[in-house]
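Chains as they are written, first to last, in the working numbering: chain A, 15 to 334; chain B, 89 to 572. Don't be surprised by glycine CBs; every beta carbon is placed ideally from N, CA and C.
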């Protein structure tokens, strides 16, 4: 497979994952905002932006304006439109490599979002819009699994999705969870705290899944444990790394390489950390430091993936 | 007899005394090979043709068979209008076309070899050296380089027109990177799907073997047989013919690559794959000479491959078509093609040329300048209907602008009489009407000459218009060559 094609597939997948994540998080944010006690909204928008890794955070914050930007500003790299455009552009360059069903779905999703952008008043009813983006992305994933050969290209799509998902998760947790460890359970507003934690779980569609494993008693330690180490929940860090590690192994097989490639070693190390660590290890390292370390490893996987398959130096390839 | 066919369907079908009509004789009776078609058309229930037409339009849209229009803000991707009624060519007519095109491509390849080697044709004063040396398509870099089998042009799409006398003439040779063959194949596919009844018992020769024939031609240019990597080099998604590039790559099962997928090392060409670098042997390139290699040609090209031309010159990679073929379809060189055929093959040309005025000649130029309102003026290096003045359809201001350009650079223009292209039946707005058409057959030349029977018939959809280019309101239709 051409390296350029792998590159486009990987980025198509990352952009789409990012668009979906942003839609889900904004939807939960708006929903939560409907029932906020006076004064408790302070800092929430800042935490949202930090969770989405938006830098720098604007000094003057207006909720409506920020939502408009995060949704429709095509020149804003954090916006849904920007990321959907990125996904579609990457798909367009390799249209003949993906199935026509995949192309039609991603093209349709893109056109619908652009259409909504021009229709005024979407903010009166944001929920159906964000759900539409989420559903479109889910549908695309299903269509991909059902219509595309599960060959190298499919593995690049998988890796792109789970690298992006891991980074999104780490950023969001790092912005939202630490303050709950420091606050005592008897703080002034236990109800607000409870709903903030529920919203955090919902930002990853994890509330229902969490309640099936733990009781709905919202302990930040349990939430961290679930979102980092649960092997079965498809948005946990462990699940992301398990899946992308397995795709990396398939890629090494398909391209007839040894499995001691750097990219496999980095991903394998992260996988074993996530398999054996416990939430106590996280807290003793320091929650933020632990997550920052994980994010660095995700970036290392990305870099090593490109060094091996996509932008490798010519000399290295010729001596193989 | 004649009156029988003048049902509602044909009431708007106008014959012009100075134009050859593909379907009707001047007395409105159908030609023998169209008789079956006319009877079938009359037998259909009202609404049947409309229904089939909309079914075919939808097929093109859904399959994304599109082209890109340059200089159009709306942007961009459009379907190429498809006309339902096939254009029919008889066995005998095709035989002449096939022989004529074979003769022409062989002679043009000998010509290219000669002008890049000994230059005998200059010595014998058949073609003036200045004419060649002054063309921007002449590649001095190609002097003395031997190409596989001596074949410079292995893929060609010649534009033919049928004039008043009913004979086919060559209008343009298109020896660089001709496009449109995917529409020939798609038109046939769609026609067979939406209107199978039209085909029954007509004895239509197939065209679907084109992909195989193209692959075979490309293979025959490679030095070895085994472990051969052939790729199609495209300028990318923003090119007007990108759909065709993906279509052909899929048809032949070869990789579709962009310039940035390829690199050269030690005089060899590789493509960058996830499994490492892979050596490339043959490149079917759909990029113009100018953009192939920034080191050899235009340094600002971002589509090409650094060092590709050196690898080509060293013989480690095959390019199809070769570099420097554009010289032979310079519109001023075109005027010499009959002489070129006589010179190399010692035969009379089977297909005629259209009368062409060379504007460097003072007398011809004077004649052209005083008749700009009647003639067609073309820039020698352009194609696709760009850089053209159609005298009878132009304003005085446009004519004056061309007169100034001709005076400034006479070598850059030629003039031809306004041709009366033949008309063929088209189904437009519920009526069958006559529209002007041309014909572009696709010629392949490797170890032998292969021409699939048929080609792309392009249609000027506006009444009276003579411009068939897809970029300027043209459409196309399926083209049938009959077994007998």
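Between the C-alpha atoms of residue 285 of chain A and residue 173 of chain A there is a straight-line separation of about 14 Å. In the three-state scheme derived from DSSP, where H, G and I count as helix and E and B as strand, residue 359 of chain B is classed as strand. In this structure, the beta-carbon distance from residue 296 of chain B to residue 320 of chain B does not fall below 8 Å. Annotation for residue 364 of chain B: the continuous beta strand (DSSP E) segment containing it runs 364–367. Straight across, the Cα-Cα distance linking residue 136 of chain A with residue 85 of chain A is about 11 Å. Residue environment: residue 231 of chain B is assigned as exposed (fewer than 16 neighbouring CB atoms within 10 Å of its CB, all protein chains considered). In this structure, the beta-carbon distance from residue 255 of chain A to residue 319 of chain A does not fall below 8 Å. In the structure shown, residue 276 of chain A adopts helical secondary structure according to DSSP, grouped into three states. The three-state secondary structure of residue 557 of chain B, taken from DSSP, is coil. Bridge partners of residue 568 of chain B according to DSSP: B/176. Taking each of A/108, A/140, A/170, A/120 in turn and checking the Cα distance to residue 315 of chain A, the smallest one comes out for A/170. Against chain B, the beta carbon of residue 17 of chain A has neighbours under 9 Å at 349, 359, 360, 361, 362, listed in chain order. The Cβ atoms of residue 62 of chain A and residue 43 of chain A sit closer than 8 Å to each other. For residue 266 of chain A, there are no neighbours in chain B by C-beta distance under 9 Å, as the nearest C-beta there is about 10 Å away. Residue 497 of chain B is classed as exposed because its beta carbon has fewer than 16 other beta carbons within 10 Å across all chains shown. At a Cβ-Cβ threshold of 8 Å, residue 391 of chain B and residue 379 of chain B count as neighbours.
Its chain contains 317, 356, 357, 358 as the residues whose beta carbon lies nearer than 8 Å to that of residue 367 of chain B, once the 5 sequence neighbours on both sides are disregarded; these appear in chain order. A residue is called buried once 16 or more other Cβ atoms fall within 10 Å of its Cβ, and residue 238 of chain A is buried on that count. Interface with chain B (8 Å Cβ-Cβ cutoff): residue 281 of chain A is excluded. The criterion of a C-beta distance shorter than 8 Å is satisfied by residue 477 of chain B and residue 486 of chain B. Per the coordinates, the alpha-carbon of residue 354 of chain B lies some 21 Å from the alpha-carbon of residue 17 of chain A.
Between the stretch 508–515 of chain B and the stretch 234–242 of chain B, the count of C-beta pairs closer than 8 Å stays below three; the two stretches do not touch. Relative to the Cα of residue 118 of chain A, the nearest Cα in the group A/157, A/274, A/196 belongs to A/157.
By the rule that beta-carbons nearer than 8 Å mark a contact, residue 328 of chain A touches chain B. In this chain, the beta strand (DSSP E) harbouring residue 476 of chain B covers 476–478.
With respect to chain B, the C-beta atom of residue 164 of chain A has no partner C-beta closer than 8 Å. When C-alpha distances from residue 245 of chain A are compared across A/287, A/206, A/274, the shortest belongs to A/287.
With its beta carbon at least 8 Å from every one in chain A, residue 191 of chain B lies outside the interface. For residue 353 of chain B, the three-state secondary structure derived from DSSP is strand. Looking at the backbone, the Cα of residue 313 of chain B and that of residue 370 of chain B are separated by about 12 Å. In the structure shown, residue 178 of chain A adopts helical secondary structure according to DSSP, grouped into three states.
Taking C-beta atoms under 8 Å as the contact rule, residue 187 of chain A and residue 81 of chain A fail to qualify, at a distance of about 22 Å. Chain order gives the chain A residues near residue 346 of chain B as 18, where near means a beta carbon separation below 8 Å. Contact with chain A is absent for residue 146 of chain B, since none of that chain's Cβ atoms lies less than 8 Å from the residue's Cβ. Of the candidates A/302, A/73, A/219, A/219 places its Cα closest to the Cα of residue 37 of chain A. Less than 8 Å divides the Cβ of residue 408 of chain B from the Cβ of residue 309 of chain B.
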